[in-house]
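Here the sequence shown is numbered in full-length UniProt numbering, starting from 1 and rising by one per residue.
Only one structure is covered here, and it is reproduced in the block below.
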Amino acid sequence: MLPPVWTGLNALSVFSAIKQLPLELLEDSVLKIDFSEVQHLDSSGMGALVGLQKQLRSSQHTAIKITGASDCVKRLMYTANLHRLFLIENS
Numbered sequence: 001m002l003p004p005v006w007t008g009l010n011a012l013s014v015f016s017a018i019k020q021l022p023l024e025l026l027e028d029s030v031l032k033i034d035f036s037e038v039q040h041l042d043s044s045g046m047g048a049l050v051g052l053q054k055q056l057r058s059s060q061h062t063a064i065k066i067t068g069a070s071d072c073v074k075r076l077m078y079t080a081n082l083h084r085l086f087l088i089e090n091s
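What follows is the structure, encoded as structure tokens:
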């Protein structure tokens, strides 16, 4: 489960935890991240997410799909043009 406020400090711990996952077992090479409990995403959190995407794409051609994000978090991601890097599910 992701923390409700995703900042640089806890985003890096999430990033480290994801690195431990057996990503080769993913269906359709898509890593789904549930943002339903995330209330805020700061620039460091976005940076960690972008870093994760770069690592996954270069090594395993894995896409990241953001699910359950609040309208506020989705607006922030669209404003930062992160919809070009991530699949953002509309719920």
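Idealized CB from N, CA, C, for every residue including glycine.
(1) Between which two residues does the alpha helix (DSSP H) carrying V73 extend?
(2) A80 to K74, Cα distance in whole Å?
(3) What separation, rounded to the nearest whole angstrom, lies between the Cα atoms of H83 and E37?
(4) Expressed to the nearest angstrom, what Euclidean distance is found between the alpha-carbon atoms of Q39 and A69?
(5) From the DSSP output, in three-state form, read off residue 116 for me.
(6) Taking the alpha carbon of L21 as the point to measure from, which residue in L76, L56 and I88 has its own alpha carbon closest?
(7) Which of the three DSSP states, helix, strand or coil, is assigned to L41?
(8) What are the boundary residues of the beta strand (DSSP E) that includes T67?
Quick look at the numbers:
(1) Counting along the chain, the alpha helix (DSSP H) containing V73 begins and ends at D71 to T79.
(2) Their backbone Cα atoms lie some 10 Å apart in a straight line.
(3) Distance from the CA atom of H83 to the CA atom of E37, rounded to whole angstroms, is 19 Å.
(4) If I take the Cα positions, the gap works out to 8 Å.
(5) With the chain represented from 1 up to 91, any question about residue 116 goes unanswered, as that position is not in the structure.
(6) Taking each of L76, L56 and I88 in turn and checking the Cα distance to L21, the smallest one comes out for L56.
(7) L41 falls in the strand class under three-state DSSP.
(8) DSSP places T67 inside the beta strand (DSSP E), whose first and last residues are A63 to T67.
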